[in-house]
Amino acid sequence: MDLQVFLLLAQDGISNGAIYVLLALALVLVFAVTRVTFVAQGEFVTYGALTLALLQAGKTPGTLWLVLVMGAIITVMDGVAMVRRGAWRRLLPLLAFNLGFPGVCAALLFAMPWAEMPMLAQALMTLALVVPLGPMLYRLVFQPLEAKSTLVKLIASVAVHMALGGLGLLFFGAEGFRTTPFTEASFDVADIPVQGQNIVVVASSLLLILALYFFFDHTIRGKALRATAMNRTGARLMGISPALAGQLSFLLASAIGAFSGILIAPITTIYYDSGFLIGLKGFVGAIIGALASYPVAALGALAVGLLESYSSFWASAYKEVIVFTLIIPVLLWRSLTTRDAHEEEDE
1173 MDLQVFLLLA
1183 QDGISNGAIY
1193 VLLALALVLV
1203 FAVTRVTFVA
1213 QGEFVTYGAL
1223 TLALLQAGKT
1233 PGTLWLVLVM
1243 GAIITVMDGV
1253 AMVRRGAWRR
1263 LLPLLAFNLG
1273 FPGVCAALLF
1283 AMPWAEMPML
1293 AQALMTLALV
1303 VPLGPMLYRL
1313 VFQPLEAKST
1323 LVKLIASVAV
1333 HMALGGLGLL
1343 FFGAEGFRTT
1353 PFTEASFDVA
1363 DIPVQGQNIV
1373 VVASSLLLIL
1383 ALYFFFDHTI
1393 RGKALRATAM
1403 NRTGARLMGI
1413 SPALAGQLSF
1423 LLASAIGAFS
1433 GILIAPITTI
1443 YYDSGFLIGL
1453 KGFVGAIIGA
1463 LASYPVAALG
1473 ALAVGLLESY
1483 SSFWASAYKE
1493 VIVFTLIIPV
1503 LLWRSLTTRD
1513 AHEEEDE
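Just so you know, we're using the numbering used here here: the sequence shown kicks off at 1173 and counts up by one.
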């Protein structure tokens, strides 16, 4: 391997690693706030990429119908409870988010020629369709399990992954898709060809990470999430709603996943079941960070991207095995250095 090949592989590894970093951060966030090991995080990537691909093909993505159905179910569930309690003022926000917003998206989808729209508009519509799935899934599946053990939540998470995978096959079909590139630019740096698409992916990922840092450090809701992650009982005593914190964490996770899908769709072919493998690589990074440390998880996910890239050169048939083998010494070290093996109780 000469220097040029080494740098080319590093370029691919960093661009893929940037996506894994985003997913690792989302997994750490969800687990820290809700104690849910969210196996289905990769499905947000798939839904984001394939929804954008169908919009560019001039088709109506099935994501719309999923959001409408889930929104209607939540409206009926929560609406009946609010009426019984006489909480009439909370009905309007409930209707606006779960029915009004998806209804506006449906009207825009059928009224405008999305195949001819600018890519920025297509990406925004994709986010509008996929991001609401996060808090909706939390409300329907995980909020009723708030008091249950981590194992029960893990089982529910696996069930959500399988359900979303089956619906993905129904909505998008078995055919793979790749979206229009953000840019066709390419230039040489010290005789090393650099793709503009890779720069867009890395730069966008960095901007999103900076936005998340600003959110957690400089906004009330971000600080509330941090407080919930550090001490859920203390946060509850300070008036922070666990349900609201859970919905917000899932909202951020779905936004990160959908954004990652939009970024990765132009550089790799995405199938309905691609999200599981992509999310699993982000999960390796999150495990390296012990599902608690954001910086360590980010560095671990970046290492996964680089290891995957170089493994594809030396042993392409075993690159997945090599990547996932990375988790074994981490888990062994954690098991040997953890004094208390008992499962953490929900405060």
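No residue lacks a Cβ here, since even glycine has one placed at the ideal position from N, Cα and C. Here the structure is a predicted model, which is why all the values come from computation and not from measurement.
8 angstroms Cβ cutoff met for residue i and residue j
| i | j | result |
| --- | --- | --- |
| I1442 | G1348 | yes |
| V1372 | A1190 | no |
| I1412 | A1401 | no |
| V1202 | V1211 | no |
| R1262 | M1254 | yes |
| A1229 | A1293 | no |
| M1242 | M1289 | no |
| P1265 | V1239 | no |
| P1365 | S1358 | yes |
| S1426 | G1306 | yes |
| L1447 | T1218 | According to the sequence provided, residue 1447 is Gly. The question's Leu does not apply to it. Yes, these two residues count as a Cβ contact at 8 angstroms. |
| A1383 | A1396 | no |
Rounded C-alpha distance that separates residue i from residue j
| i | j | result |
| --- | --- | --- |
| L1420 | L1179 | 39 angstroms |
| G1272 | P1304 | 12 angstroms |
| L1301 | F1216 | 11 angstroms |
| A1295 | T1352 | 11 angstroms |
| R1311 | A1417 | 11 angstroms |
| L1409 | L1503 | 34 angstroms |
| T1206 | A1198 | 12 angstroms |
| A1328 | F1314 | 8 angstroms |
| G1234 | R1393 | 32 angstroms |
| P1501 | L1323 | 23 angstroms |
| G1457 | A1469 | 5 angstroms |
| L1332 | L1175 | The question names Leu, yet the displayed sequence has Val at residue 1332. In a straight line, the C-alpha of V1332 is about 44 angstroms away from that of L1175. |
| F1269 | S1507 | 43 angstroms |
| E1519 | R1404 | Because E1519 carries a pLDDT of 45, less than 50, the predicted location of this residue cannot be relied on, and no value is offered for it. |
| N1188 | L1474 | 8 angstroms |
| G1368 | I1186 | 13 angstroms |
| D1184 | V1252 | 51 angstroms |
| T1247 | Y1490 | 48 angstroms |
| P1285 | M1291 | 12 angstroms |
| L1339 | W1237 | 11 angstroms |
| L1463 | A1283 | 44 angstroms |
| I1428 | L1380 | 8 angstroms |
| A1279 | M1334 | 30 angstroms |
| R1350 | W1260 | 46 angstroms |
| V1200 | Y1466 | 7 angstroms |
| I1439 | Y1482 | 18 angstroms |
| T1355 | L1378 | 18 angstroms |
| T1509 | L1281 | 53 angstroms |
Neighbourhood of residue i by C-beta distance below 6 angstroms, restricted to the same chain and skipping five residues each side
| i | result |
| --- | --- |
| G1337 | D1445 |
| A1244 | none |
| L1423 | G1306 and P1307 |
Cβ shell of residue i (< 7 angstroms), same chain only, five flanking positions each side left out
| i | result |
| --- | --- |
| T1298 | G1220, T1223, L1224, L1227, A1430 and I1434 |
| I1460 | V1468, A1469, G1472 and V1502 |
| L1326 | T1209 |
| I1499 | V1456 and I1459 |
Same chain, Cβ closer than 8 angstroms to residue i, five either side skipped, listed in chain order
| i | result |
| --- | --- |
| D1360 | V1366 |
| K1231 | none |
| H1514 | Bear in mind that a pLDDT of 43 at H1514, under 50, signals an unreliable position, so the number given afterwards is only what the model happens to contain. Once the five neighbours on either side are set aside, H1514 has no close Cβ partner at all. |
| L1449 | G1214 and E1492 |
| L1342 | G1234 |
| L1267 | T1247 and G1251 |
Given 8 angstroms, three or more beta-carbon pairs between the stretch 1184 to 1198 and the stretch 1312 to 1330: No: the two stretches stay apart, fewer than three of their Cβ pairs being nearer than 8 angstroms.
Segment contact flag, the stretch 1495 to 1506 with the stretch 1450 to 1457, C-beta cutoff 8 angstroms, min 3 pairs: Touching, yes, given that three or more Cβ pairs across the two stretches are closer than 8 angstroms.
Secondary structure, alpha helix (DSSP H): runs of 4+ residues fully inside the stretch 1371 to 1458: Complete alpha helix (DSSP H) runs here, min 4: 1392 to 1402, 1404 to 1409 and 1414 to 1436.
Three-pair Cβ contact test at 8 angstroms for the stretch 1383 to 1392 versus the stretch 1472 to 1486: By the criterion of at least three beta-carbon pairs nearer than 8 angstroms, the stretch 1383 to 1392 is not in contact with the stretch 1472 to 1486.
Minimum length 3: unbroken beta strand (DSSP E) runs contained in the stretch 1314 to 1378: Positions of the beta strand (DSSP E) runs, each at least 3 residues long and wholly inside the stretch 1314 to 1378, are given as 1358 to 1361 and 1364 to 1367 in order along the chain.
Sequence ranges, alpha helix (DSSP H) only - wholly within the stretch 1472 to 1504, length at least 4: If we require 4 residues or more, the alpha helix (DSSP H) runs fully inside the stretch 1472 to 1504 come out as 1491 to 1497.
Completely contained alpha helix (DSSP H) runs for the stretch 1274 to 1306, where each covers 4 or more residues: Correct list: 1291 to 1302.
Continuous alpha helix (DSSP H) assignments of at least 4 residues falling wholly in the stretch 1194 to 1269: Entirely contained in the stretch 1194 to 1269, the alpha helix (DSSP H) runs reaching 4 residues are, in chain order, 1213 to 1228, 1235 to 1257 and 1263 to 1267.
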